[in-house]
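See structure below.
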Amino acid sequence: MLAKNGIGVENIKQAIKIPAMLMLCALLAVTSTAASEYTLKVFGNANMDKTIDHSDVDYVKGVIDGKEKPTQLSDANQDGKVDDEDVAQIESIMKGDEGYIFVLDALNRTVKVKEPVNRVVAVKLPIAEAIKAMGAEGKLVGVGTDTINQPVLFPDLSRLPSVGGSNLERADLEKIISLKPDVVFGNEFEKLEQINKLEEAGITVVSTECHGDLLNAISAANRLGYVLGTVKGAEEYTGWYSKYLDEISEKVKGLSEDEKPRVFYYWNWGEETGPLGTSGKDCPVSKLIGFVGARDLAAELPGEYIEADPEWVLKQNPSVAIRELMYLESGYDAENSTAAERRLRSFENRSGFADIDAVKKKNDYILAVNILSDNSWIGTVYLAKLIHPELFGDLDPMGIHQEYLTRFQHLDFDVTKQGLFLYPMPDGWQTKRSS
């Protein structure tokens with residue numbers, strides 16, 4: 023996890039009193055927006071939709087003629103004005119023969135990328151996974167340790183040179199430089215100190231939304247496609263899974279607040295009897311919970327990843343509890359459910375927790391980090407059916423997960439027989455093998 027802001031019972035009580043208007047606005051934006059409604063953050067996307075096409079040429083011509091207003095992305099060549107040269111740049115992007123492209127990255131930086139891009143480093147696992155899903159894995163020349171440590175999911179990428187860490191601050195920058203990449207893709211939390219060092223070495227850095235950020239990850243994947251010259255592959259991938267997210271969004275948008283279960287999302291910082299880690303209002307997983315038509319207990323608390331005292335959890339009495347379980351004990355490398363069972367029972371056996379609705383009604387589950395924080399759209403499909411089984415009786419999370427692995431990761435892996443992504447398996451879902 024990325025950050026820690028310890029909050030005990032008294033601090034949590036105080037934090038809950040903070041006006042929730044900003045968080046409410048954020049949740050409304052997430053829960054009322056279809057996954058397919060996003061803006062491609064590439065300059066030249068003049069009309070601010072999700073692709074670059076002839077409508078952008080028409081829009082720029084409208085700006086030139088005074089019929090349309092300039093947008094953030096209408097200056098395709100970033101020369102400070104909108105003119106016929108921007109039309110030419112957009113047409114080059116559409117043909118795929120542009121000499122450069124400007125993108126707006128996750129740090130809100132305007133980044134110029136020289137094209138074509140042939141050698142890239144993906145520091146964070148979800149970025150490497152997305153690159154492979156769109157068919158551009160042949161351009162990867164280095165990856166972070168989190169990718170190296172997932173040989174079952176990445177039998178090929180895990181053999182690439184390791185650049186260490188899973189972000190630029192922890193990575194070996196000299197190793198990255200030695201690989202001579204055209205572009206390094208970092209995450210949305212990178213610091214300018216490391217970015218500047220790589221750029222001083224002549225390497226372009228693009229920060230990418232990836233860590234549990236459901237909706238921005240769709241836009242980010244398509245931006246990757248434009249940078250890597252694999253637009254069709256990126257659009258095929260994101261278009262395929264977006265239809266499931268749109269279905270979820272459509273079915274939950276009319277729910278009243280009373281119809282939205284109260285969810286406690288957690289993990290353990292250390293000892294199983296100690297404080298529980300949970301999501302604050304800045305955590306992408308909190309917004310993901312809102313997207314599937316539920317209420318995150320900690321959605322109003324300040325911070326991103328924070329500590330919750332067990333006494334506070336008791337008083338909140340969640341109707342659903344979701345624990346995110348880390349690598350090896352869950353995910354593609356997990357060989358059995360022994361660790362998941364032990365972790366789940368440690369939650370249920372905490373003092374007083376047997377009286378929590380989530381425990382009494384057997385609505386406490388474990389989800390793997392691989393599908394929640396790493397590739398959040400998969401976890402969203404699982405969560406939607408877990409939280410609203412009556413709305414999503416026909417939704418097949420495991421079947422969708424399987425198609426993704428077969429079609430986009432080209433992986434010989436059977437989710438019904440290998441790994442562990444959800445525990446325990448609810449009634450009516452396909453039963454996993456016994457441990």
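In this note's numbering, each residue's number is its place in the sequence shown (first place is 1) plus 22. We put the CB at the ideal spot given by N, CA and C, even for glycine. What you are looking at is a predicted structure, and each value in this text was computed from that prediction instead of being measured.
Check                                                                                                                                                                           : Outcome
Does the distance from the C-beta atom of V174 to that of Y354 stay below 8 angstroms?                                                                                          : yes
On a Cα-Cα basis, can you pick out the residue from I270, E322, K89 and T295 that is closest to E412?                                                                           : I270
Closest by CA to V335, which one among R365, C305, P297 and Y60?                                                                                                                : P297
Would you kindly check if the distance between the Cβ of F207 and the Cβ of V142 is under 8 angstroms?                                                                          : yes
Run through the stretch 121-155 for me and flag every whole alpha helix (DSSP H) of 4 or more residues, listed as ranges in chain order.                                        : 147-155
Would you call the stretch 182-192 and the stretch 119-133 touching, i.e. three or more CB-CB distances under 8 angstroms?                                                      : no
Is the beta carbon of V391 less than 8 angstroms from the beta carbon of E346?                                                                                                  : yes
If you draw a straight line from the C-alpha of A343 to the C-alpha of F286, how long is it?                                                                                    : 5 angstroms
Does the stretch 357-367 come close enough to the stretch 200-214 to have 3 or more Cβ pairs within less than 8 angstroms?                                                      : no
Tell me which residues share the same chain as P92 and place their Cβ nearer than 6 angstroms to its Cβ, disregarding the 5 neighbours each side in the sequence.               : V85 and V104
If you reduce the DSSP assignment to three classes, tell me which class G224 lands in.                                                                                          : coil
Is the Cβ of P340 closer than 8 angstroms to any Cβ of chain B?                                                                                                                 : This model lacks chain B altogether; it includes just one protein chain.
On the DSSP letters alone, give me the boundaries of the alpha helix (DSSP H) that W451 sits inside.                                                                            : It is not in any alpha helix (DSSP H) - W451 carries neither H nor E in the DSSP assignment.
Hey, which unbroken runs of the beta strand (DSSP E) at 3 residues or more fall wholly within the stretch 246-318?                                                              : 284-290 and 298-301
Measure the C-alpha to C-alpha separation of K134 and P183 and round it to an integer number of angstroms.                                                                      : 26 angstroms
Touching or not, the stretch 413-433 and the stretch 257-276, by the rule of three or more beta carbon pairs under 8 angstroms?                                                 : yes
To the nearest angstrom, how far is the alpha carbon of N290 from that of G234?                                                                                                 : 18 angstroms
Quick one, which of T402, S352, Q338 and G441 has its alpha-carbon nearest D379's?                                                                                              : Q338
So is L62 buried or exposed if we call it buried at 16+ other beta carbons inside 10 Å?                                                                                         : buried
Does the stretch 414-424 come within contact of the stretch 160-175, defined as at least 3 CB pairs closer than 8 angstroms?                                                    : no
Whole angstroms is fine: what's the gap from L442's alpha carbon to S352's?                                                                                                     : 5 angstroms
Could you spell out the range, first to last residue, of the alpha helix (DSSP H) harbouring R367?                                                                              : T360 to E370
Would you please state the rounded distance, in angstroms, between the beta carbons of L237 and Y387? I believe it to be under 8 angstroms.                                     : Rounded, the Cβ-Cβ distance is 23 angstroms, inconsistent with contact.
From this set, R131, T402, A376 and I153, which residue's C-alpha is nearest K265's C-alpha?                                                                                    : T402
Using three-state DSSP, classify I240 as helix, strand or coil.                                                                                                                 : helix
Would you kindly check if the distance between the Cβ of L162 and the Cβ of A152 is under 8 angstroms?                                                                          : no
Output needed for Q111: all residues of its chain with C-beta closer than 7 angstroms, excluding positions within five of it in sequence on either side, in chain order.        : G66, A98, N99 and E120
Drop a sphere of 10 angstroms on the beta-carbon of T295, count the other beta-carbons inside from all chains shown, and report buried for 16 or more, exposed for fewer.       : exposed
Comparing C-alpha positions only, which one of A330, Y122 and N371 sits nearest to V249?                                                                                        : Y122
If you draw a straight line from the C-alpha of E210 to the C-alpha of E231, how long is it?                                                                                    : 5 angstroms
Taking C-beta to C-beta, are A316 and S308 nearer than 8 angstroms?                                                                                                             : no
How about A5 and S96: are their beta carbons less than 8 angstroms apart?                                                                                                       : Not covered by the structure: residue 5. The range shown for the chain is 23 to 457.
Can you list, in chain order, the residues of its chain with a C-beta nearer than 6 angstroms to that of A445? Leave out the 5 residues immediately preceding and following it. : Residue 445 is actually Tyr in this sequence, not Ala. These residues qualify, in order along the chain: S359, A362 and I388.
Cβ atoms of G160 and T252: under 8 angstroms apart, would you say?                                                                                                              : no
By how many angstroms is the C-alpha of I422 removed from the C-alpha of P19?                                                                                                   : Lying before the first or after the last residue shown, residue 19 is absent from the chain, which here runs from 23 to 457.
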